[in-house]
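Take a look at the structure below.
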Amino acid sequence: MKNILKIPPVLSFRDKQRLLYQFLLLTLCTLGSCNDFVDVDIPKSQLTAKAVFEDVATANAAMAGLYTKMRNNGILAGDATGISCYLGLYADEFDYYQQNAVSNFFNNSLFAADLGVNDMWNQSYNQIYSANSVIEGLNKSNSISEIDKKQPLGEALFIRALLHFYLVNLYGDIPYITTTDYLQNSRVSKLPADQVYQNIIKDLEQSIVLLSENYTSTDRIRPNKGTANALLARVYLYMKSYPEASNAASAVINNPLYVRENDLDKIFLKTSATTIWQFMPSVAGANTSEGSLYIFTAGPPSIVALKPDFISAFEANDQRKTHWITQVTNDGETWYYASKYKQESSTPTSVEYSILFRLSEQYLIRAEARAYQGDLIGAKEDLNTIRNTAGLPNTTAISAEEIIKDVLNQRRFELFTEFGQRFFDLKRTGKLDETLSASKPGWNTTDSLWPIPALELNANPNLKPQNQG
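Numbering of the sequence shown is given in my numbering, commencing with residue 3 and proceeding in unit increments.
This is the structure:
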């Protein structure tokens, strides 16, 4: 497996151009637009880098291809190879049931040659490379107007920030890649996590300036200003920059595009007004990979099921347990699966898309940030918004410490199975060891960071040292 930070030097410039064209063509065919694209008067055998960005349509096609990559592979994939499943196993959300297989994630026994660890790193940097290609192509283009450049350029900067955000939380100190230059990337060094965060903020602030306030379509599959602000709020929360986290979350909460939904069964529909950003399925009528992965109708489960300890930890009368979890009983045994998404397979028309950001998280971010700043009344208002939607009474917490504890508890039951939120919350609050050592026999303190893939360290010694453990 090649180092993803490199483009093999044996490829000629024309070969790279041809590969880019083939990638765009495949992307557009996947999206159902192949017939229209081949009618464009450009030779099929080659598409120069300059031609790709001669109009905004091809720049948007490049972004569409990147979203296809992200939906199908790597950190944000909704299937068993994505971070939702991996970190659900790695922390305390899932039990593992796949027969005749061992999950190093479930056993907390990752090693530097682990294929899952390798793929997560490689796919992420591959996608970052694609984002950088769009950024460079747009910046160099003389034929696309500055106005037309803004949206795809803002999206690419957002994606670059998003992927680095997950990487720094998984691997610790990492390279922050901002170029497609082969020689530069082949010698890149790790940056301290704090500096990575500063680069993330810089990219997000620039993307917020560029991105449109409104969505490019009604289905919210392309990021807008609200999406970038939602990630910025999360980033600031993780950095303990609480005034900034509160302000960024408020920018989303106060945006009329987003409307609270009191019906828990409607929150994960593709039309939900609480959705900030989502992935469209690959074909018409398909639904989410998450639904296909989590839902089962008879036991034992094929891959994963929610841990009984998680089920028993819900407060009495919490409607999320009723609406977002389904029980399956067979031969006297009982299992539970996450049923936020209700569709296991295709329907006449798609009814569910994979949601990456949604409004509830922003209320919880602002509640926590307000509590740390001493705004206990505001913090409780935000916290109670989430509690009441779940059918729970107002919080009984009084002190800031009690409110924060309740916020973290609500995050556990509101955001379960959503892109590793549980693991990251335990990590950023310093509770990984005390929580997971009690429930995971294979847990070690050094498991807070994943190992950097051995192939990457061998290819580029500047990435050393390896993470401890």
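All C-beta atoms, glycine included, are put in the ideal place defined by N, C-alpha and C.
This structure is a prediction, so every number in the text was calculated from the model and none was measured.
### residue 261, buried or exposed, once every other Cβ within 10 Å from all chains shown has been counted against 16
exposed
### Task
Out of 199, 279, 417, 200, point me to the one whose CA is closest to residue 230's CA.
279
### Task
Name the two residues that bound the continuous alpha helix (DSSP H) containing residue 332.
Per DSSP, residue 332 belongs to no alpha helix (DSSP H); it is in the beta strand (DSSP E), 327 to 332.
#### Entry: C-beta contact flag for residue 56 and residue 418 at 7 angstroms
no
### Query
Between the Cα of residue 376 and the Cα atoms of 248, 360, 255, which residue gives the shortest distance?
248
### Message
On the DSSP bridge list, what partners appear for residue 123?
### Response
None, per the DSSP bridge assignment.
### Message
DSSP three-state label for residue 308, please.
### Response
strand
### Query
So residue 253 is in the beta strand (DSSP E); what residue range does that whole segment cover?
Per DSSP, residue 253 belongs to no beta strand (DSSP E); it is in the alpha helix (DSSP H), 244 to 255.
### Message
Helix, strand or coil for residue 238? Go by DSSP, reduced to three states.
### Response
helix
### Query
Cα separation between residue 269 and residue 313?
20 angstroms
### Query
Helix or strand or just coil, what does DSSP make of residue 196?
helix
### Message
Can you give me the C-alpha to C-alpha distance between residue 70 and residue 289, rounded to a whole angstrom?
### Response
14 angstroms
### Query
Can you pull the DSSP bridge partners for residue 337?
330
### Message
Can you give me the C-alpha to C-alpha distance between residue 78 and residue 72, rounded to a whole angstrom?
### Response
6 angstroms
### Query
Apart from the five residues on each side of it in sequence, which residues of its chain come closer than 7 angstroms, Cβ to Cβ, to residue 259?
228
### Message
Going by DSSP, what residue range makes up the beta strand (DSSP E) through residue 408?
### Response
Counting along the chain, residue 408 falls outside any beta strand (DSSP E), though it belongs to the alpha helix (DSSP H) covering 402 to 416.
#### Entry: DSSP beta-bridge partners of residue 176
193
### Query
In the structure shown, what three-state DSSP assignment does residue 143 receive?
coil
### Message
Tell me the DSSP secondary structure of residue 184 in three-state form.
### Response
helix
### Message
Considering only the alpha carbon of each residue, which of 454, 75, 367 lies closest to residue 242?
### Response
367
### Message
Restricting to Cα atoms, I'd like to know which of 374, 61, 416 is closest to residue 362.
### Response
416
### Query
If you compare alpha carbons, which of 166, 292, 430 is closest to residue 345?
292
### Query
Going by DSSP, what residues sit across from residue 357 in a beta bridge?
280
### Alpha-carbon to alpha-carbon, residue 183 and residue 153
24 angstroms
### Task
Indicate whether residue 232 and residue 254 have their beta-carbon atoms separated by less than 7 angstroms.
yes
### Task
Only counting runs of 4 or more residues, tell me where the alpha helix (DSSP H) segments fall wholly within the segment 424 to 451, in order along the chain.
434 to 441
### Query
At what residues does the beta strand (DSSP E) containing residue 92 begin and finish?
No beta strand (DSSP E) holds residue 92; the alpha helix (DSSP H) holding it covers 85 to 92.
### Query
Any idea if residue 157 is buried or exposed, counting beta-carbon neighbours within 10 angstroms, 16 or more meaning buried?
buried
### Cβ shell of residue 214 (< 6 angstroms), same chain only, five flanking positions each side left out
153, 226
### Query
Among residues of its own chain, excluding the 5 on either side of residue 365, which ones have a beta-carbon nearer than 6 angstroms to its beta-carbon?
384, 387, 388
### Query
With a CB to CB cut of under 7 angstroms and the five nearest residues on each side skipped, what residues in its chain are close to residue 453?
112, 113, 114, 119, 468, 469
### Message
Is the beta carbon of residue 193 closer than 7 angstroms to that of residue 126?
### Response
no
### Query
Got a sec? Which residues, its chain only, sit under 7 angstroms from residue 38 by beta carbon, not counting five neighbours each side?
Any reading at residue 38 needs caution, since the residue's pLDDT is 32, under 50, leaving its predicted position unreliable; the model's value is listed next. Nothing listed; no residue qualifies.
#### Entry: Proximal residues to residue 317 (C-beta, below 7 angstroms), its chain only, five neighbours per side dropped
394
### Query
Based on the DSSP secondary-structure assignment, which residues constitute the bridge partners of residue 97?
307
### Task
Kindly indicate which three-state DSSP category residue 212 falls into: helix, strand or coil?
helix
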